[in-house]
Amino acid sequence: VARLADRVVVAQHSYNVKTDPDSVKTVLRQQMNMRPGTVYNFDVSGTTWHLTGDDAGRVFILITRSQYPLRFAHQCLEEFQRTFVAKVGDKSLKANENGLTRTMSTHLTKLCAKYDNLEELDQLTALNAKVESVKITMQENVRQALEGTHKIEALEKSAEELQAQAGVFKKQAHDLRKHMWWKNCKMKLIIAAIILAVLAAVIIPVVISSQGSNNN
Numbered sequence: 001v002a003r004l005a006d007r008v009v010v011a012q013h014s015y016n017v018k019t020d021p022d023s024v025k026t027v028l029r030q031q032m033n034m035r036p037g038t039v040y041n042f043d044v045s046g047t048t049w050h051l052t053g054d055d056a057g058r059v060f061i062l063i064t065r066s067q068y069p070l071r072f073a074h075q076c077l078e079e080f081q082r083t084f085v086a087k088v089g090d091k092s093l094k095a096n097e098n099g100l101t102r103t104m105s106t107h108l109t110k111l112c113a114k115y116d117n118l119e120e121l122d123q124l125t126a127l128n129a130k131v132e133s134v135k136i137t138m139q140e141n142v143r144q145a146l147e148g149t150h151k152i153e154a155l156e157k158s159a160e161e162l163q164a165q166a167g168v169f170k171k172q173a174h175d176l177r178k179h180m181w182w183k184n185c186k187m188k189l190i191i192a193a194i195i196l197a198v199l200a201a202v203i204i205p206v207v208i209s210s211q212g213s214n215n216n
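1 is the number of the first residue of the sequence shown in full-length UniProt numbering; add one for each residue after it.
Here is the structure:
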């Protein structure tokens with residue numbers, strides 16, 4: 001780990017191989033226009049250098065064999081950066097040359113050992129992929145369940161609306177039956193009145209005529 005401002009290496013660690021500090025110094029002396037969060041890679045004599053920087057002006061360097069899988073190198077570099085910042089924080093912005101090497105030694109040894117075991121990393125990657133797949137499946141199930149709940153709520157709402165409409169129809173039918181009953185009653189009364197009028201028109205003259213005959 002180095003500072004871009006003064007090119008000071010504040011911490012370094014080698015695992016199962018010796019690293020030439022001068023080569024690191026040579027790289028740091030180059031004009032480096034690094035975008036924070038971007039990983040840069042280049043090959044040198046059978047090794048691959050992986051570099052990334054942050055907003056605080058620190059540069060993190062990881063050197064691996066050229067055959068080392070790039071995806072694991074980037075994972076290691078990301079975890080390296082995260083672990084370093086969590087452990088020493090802003091101390092690295094003022095530390096002297098190799099001032100944090102001893103502080104980070106144990107953490108970096110464990111980190112290197114972890115990423116040196118490719119078989120275990122592959123298994124871990126496969127496991128993480130399965131976990132991610134299960135998580136996606138569960139999220140889809142939850143989404144479908146929520147959609148099902150929304151559909152049930154919509155059906156319940158429709159049922160309530162139909163029930164309300166049925167109540168309206170029932171009342172309208174009752175009112176219609178009542179109206180028709182009164183209409184039928186009126187029709188019957190009118191017919192009865194007509195019949196009575198006809199009977200009166202027939203019977204009254206007969207009665208009058210009969211009374212006149214009796215008088216004679």
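Beta carbons: idealized from backbone N, C-alpha and C, even for Gly.
Looking only at C-alpha atoms, which of Glu120, Glu119, Arg82 sits nearest to Met104? Arg82
Label Tyr15 either buried or exposed according to how many other C-beta atoms from any shown protein chain fall within 10 Å of its C-beta, with 16 as the threshold for buried. exposed
Excluding five sequence neighbours on each side, which residues of the same chain lie with their C-beta closer than 8 Å to the C-beta of Arg7? Lys25, Leu28, Arg29
Would you be able to state if there are at least three C-beta pairs under 8 Å between the region 32-46 and the region 81-101? no
Within 10 angstroms of the Cβ of Ala11, are there 16 or more other Cβ atoms? Answer buried if so, exposed if not. buried
With Arg29 as the anchor, note down where its beta strand (DSSP E) starts and where it stops. Run containing Arg29: none; DSSP gives neither H nor E here.
Check whether the Cβ atoms of Asn141 and Val9 lie closer than 9 Å to each other. no
Since I believe Thr52 is in contact with Leu77 (beta carbons under 8 Å), could you give me their beta-carbon distance rounded to a whole number of angstroms? 6 Å
Alpha carbon to alpha carbon, what distance is there between Leu189 and His179? 15 Å
What's the gap between the Cα of Thr64 and the Cα of Arg102? 21 Å
Ignore the nearest five residues each way along the sequence and tell me which others in Asp54's own chain have a CB closer than 6 Å to its CB. Pro36
Looking at His50 and Ala73, is the spacing between their C-beta atoms short of 9 Å? yes
What residues in its chain sit with their C-beta under 8 Å from that of Thr47, if we drop five residues either side in the sequence? Ile63, Thr64, Arg65, Ser66
Asn184 - DSSP class collapsed to helix/strand/coil: helix
Complete runs of the alpha helix (DSSP H) confined to the UniProt domain "Longin" (1-112) [at least 4 residues]: 21-28, 70-88
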